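Chains as they are written, first to last, in this note's numbering: chain A, 2 to 446; chain F, 10 to 406. Shown next, in structure tokens, is the structure this report addresses.
Structural data, given as structure tokens:
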């Protein structure tokens, strides 16, 4: 029996299931980056407090710690597995590829997580209950563990973009998959962002301390300004380096919106540079509402479009440049014994090889053509495009509006020949092309 | 479901180590995860009862904030511990896990936000109760209900994953494909058994709590006695309820005479005796861990048998050995995890036993474990970068 390992399809109308993953992912990135950045900042403050015998810094750290605990660890620790869950529903074979390549890396990261979760409670709740030297050691170990989690996840998310070299395909080794040419630039780009974010969030707390202790509030806001400025600089520096390590298909997608992306980033850099300068030069002007607003600006203006761009630049792949977003293995990976599924699909058709297609749709007839076309369109396109007339997520309507059946088929044929670098080279039997085109025409875009 | 389909649903890249190891790790880490699920449920549930007594009763006045805190920390720990079995199940039972997740895609999404909402509300409950004794009854109850619902969803994913013969009918009933992701399956008796275990777990916790604080002069004898007795009552009552539910579950699926279920029944009887006697609750906890491992093993046996009957054996999964990353895991788990967590727990134990500020710098064990942890972490980072740079240079030069 010629079947491939495709799973039932989960489809969320209007938006698509990948969109759900995007929301959870963006929230997680905010919290996880905050938590690692805050852990580093916490260590820095603890060091200063201990070395300079500044007991007035401890209440700030306690407040900061509580905020860190609630804000980042609670939500970060839920949304982390949350990405995994929603990714599993939206892109099961993509996540499976990551799991089966990197299970031990993830398991190692889990050891750090366990340390972090116990550590964060010990760190915050024991601040007044243990001596300062032991507490300082705790903060250092906590910061190192937090950076450890980044060091472990970064190779996996870099692999999602591409393995970075050809070595992985030949050896199938997790080391070759993990340490690609974009792993380290990507890592330091994120470290920069974490440092910046820790400063931005630190300002929420320091500005809230004005009433209790104006001088300390000003001093800490100023410090946070420097920290954020340093982080921002690291982000820009490594972003440029990172972009240079991406594959051609990523640049093909990037070029579509390049001017707009660059313009937006320049505006954001300008806004935040001014904000950090104000924090350094006029710390009393930074208020808690303003500091909170800036977090929202980062979330909506920086993270959400940034993550959407990163996801787009991976297209047509979802992991390692061998699995397409529509869950089809698109190339051989000899090192793992993986075979491309494109030839068997071209020969037999998606309906025949997918084990979850019901018997009544396996063979296309005049009676079931539209129903089969609907299922085929969902299986082939819905991971990246919403199909409805009113769809919100890269809607097919915008791409195929006004086309008749022949024009749609011509587009599908071109795609089957690999005409678009950011689309899967998915060749199907004639009757499946026909059913998809018939269904799309019936939607009357 | 046909064996050839189940085989095809496996990851084409194979597994990176021998499946039996993943199976063992799954059983171990699920037991740890469920222990904290049960502790959090038990502590939360009991604390809500406590909010009604907290104002008037001096014992509950002290105990209830501790119960709320225990619930709060346990939720964090259960989440992090839950990641491990989730990881290992996906390696060897990927067909089951991915089918269940795609069939229940909407519930998967809802699960995450249910958990977030429930946990945020729990913090609200914690702060409300901290501000005014006895406060937060409503918000605590709602939070508890939401978190229980999250547990039911998790139960549904697990149940769906072991119903391969029904998958096709869930996905395309009468040949009509349903992509909505609203599949939900609940096995009531199994669920009641799992949830009911929260009662004996919180009972044993209270016995430990009482024992731990009995050396502290700032806790009265009356307090120590009351908490121990409450623990015994809850432990015995809860275990009887759980035992009945377990027998019903086993009868339902035809596993009552299985050696593993008999071992669990024996374990429960031993636990009942130990809880009743309360000679040393720390040893009782050790036996509880063994019983939790047996229950975890029972779940795995049920799944293994269902899949074996369909011709799917995890032991036939193609293996592509991946040595460097398992070495990294084992060394990190045993050395860094072992020493680091030992340090944190030693410190927590000593701080809890101590009145006032605990000077860790004068404690040999705490100082040594702390220094070792830091040194191991620095060494880990050096090895990581050295390893990465070596691989990178080899592949690009």
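All residues carry an ideal CB built from backbone N, CA and C; glycine is no exception. Given the structure is predicted, the values throughout are model-derived calculations rather than measurements.
| said: Contact criterion: CB-CB distance below 8 Å. Does residue 89 (chain F) meet it with respect to chain A? | reply: yes
| field | Cα-Cα separation, residue 355 (chain F) to residue 195 (chain F) | value | 41 Å
| query | Looking at chain A, which residues of the region 14–28 of chain F have a Cβ within less than 8 Å of any of its Cβ atoms? | reply | 14, 17, 18, 19, 20, 21, 22, 23, 24, 25, 26
| task | Starting from the beta carbon of residue 356 (chain F), find every residue of chain A whose beta carbon is closer than 9 Å, and list them in chain order. | result | 123, 127, 131, 135, 139
| Taking C-beta to C-beta, are residue 66 (chain A) and residue 118 (chain A) nearer than 8 Å? | no
| said: Would residue 25 (chain A) and residue 305 (chain A) qualify as a contact pair, given that the criterion is a beta-carbon distance under 8 Å? | reply: no
| What are the boundary residues of the alpha helix (DSSP H) that residue 319 (chain A) is part of? | No alpha helix (DSSP H) holds residue 319 (chain A); the beta strand (DSSP E) holding it covers 318–320.
| task | Say whether the region 10–25 of chain F touches the region 318–333 of chain F, bearing in mind that this needs 3 or more beta-carbon pairs closer than 8 Å, one atom from each stretch. | result | yes
| message | Within 8 Å, do at least three Cβ pairs link the region 84–97 of chain A to the region 97–111 of chain F? | response | yes
| said: Which residue wins for smallest C-alpha separation from residue 393 (chain F), given the options F:232, F:222, F:338? | reply: F:338
| Apart from the five residues on each side of it in sequence, which residues of its chain come closer than 6 Å, Cβ to Cβ, to residue 340 (chain A)? | 333
| said: Is it the case that the region 194–209 of chain A contacts the region 353–368 of chain A, given that we only count it when at least three CB pairs across the two stretches are under 8 Å? | reply: no
| Coarse secondary structure for residue 325 (chain A), derived from DSSP in three states | strand
| task | For the region 106–115 of chain F and the region 99–117 of chain A, state whether three or more C-beta atom pairs, one from each stretch, are separated by less than 8 Å. | result | no
| task | Assign residue 299 (chain F) to one of three DSSP states: helix, strand, or coil. | result | helix
| field | Inside the region 7–70 of chain A only - alpha helix (DSSP H) runs reaching at least 4 residues | value | 18–52, 58–69
| DSSP state of residue 245 (chain F) mapped onto helix, strand, coil | helix
| request: Within the region 237–299 of chain A, note down every full alpha helix (DSSP H) run reaching 4 residues or more, in order along the chain. | output: 249–282, 289–298
| query | Closer than 9 Å, Cβ to any Cβ of chain F: which residues of the region 240–266 of chain A, in chain order? | reply | none
| field | Of the listed residues F:62, F:281, F:197, nearest to residue 262 (chain F) (C-alpha basis) | value | F:197
| task | Use the C-beta contact count for residue 260 (chain F): other C-beta atoms within 10 angstroms, 16 or more gives buried, fewer gives exposed. | result | exposed
| Does the beta carbon of residue 324 (chain F) come closer than 8 Å to any beta carbon on chain A? | no
| Per DSSP, the bridge partner or partners of residue 339 (chain A) | A:334
| query | Just checking, does the region 238–254 of chain F make contact with the region 84–91 of chain F on the three C-beta pairs under 8 Å criterion? | reply | no
| message | Assuming residue 91 (chain A) is part of the alpha helix (DSSP H), what are its boundary residues? | response | 76–91
| message | Cutting at 8 Å between CB atoms, please list the residues of its own chain near residue 374 (chain F), excluding the five before and the five after it. | response | 355
| Selected residue, minimal CA-CA separation from residue 164 (chain A), among A:148, A:182, A:151 | A:182
| query | According to a CB-to-CB cut-off of less than 8 Å, which residues of the region 58–80 of chain A neighbour chain F? | reply | 71, 74, 75, 76, 78, 79, 80
| task | Measure from the alpha carbon of residue 216 (chain A) to the alpha carbon of each residue in A:57, A:393, A:4, A:32, then state which is nearest. | result | A:57
| said: With the cut-off set at 8 Å, would you say residue 169 (chain A) and residue 336 (chain A) are in Cβ contact? | reply: yes
| What residues of chain A sit near residue 333 (chain F), judged by a beta carbon separation below 8 Å? | 174, 175, 176
| Cβ-based neighbour list, residue 227 (chain F), same chain, cut-off 8 Å, excluding 5 preceding and 5 following | 364
| request: Can you tell me which of the three DSSP states residue 367 (chain F) falls into? | output: strand
| task | Using a Cβ-Cβ cut-off of less than 8 Å, give me the residues of the region 128–149 of chain F that come near chain A, in sequence order. | result | 128, 129, 132
| Beta carbon of residue 204 (chain A), beta carbon of residue 292 (chain A): below 8 Å? | yes
| Contacts of residue 93 (chain F) in chain A (Cβ-Cβ under 8 Å) | 108, 111
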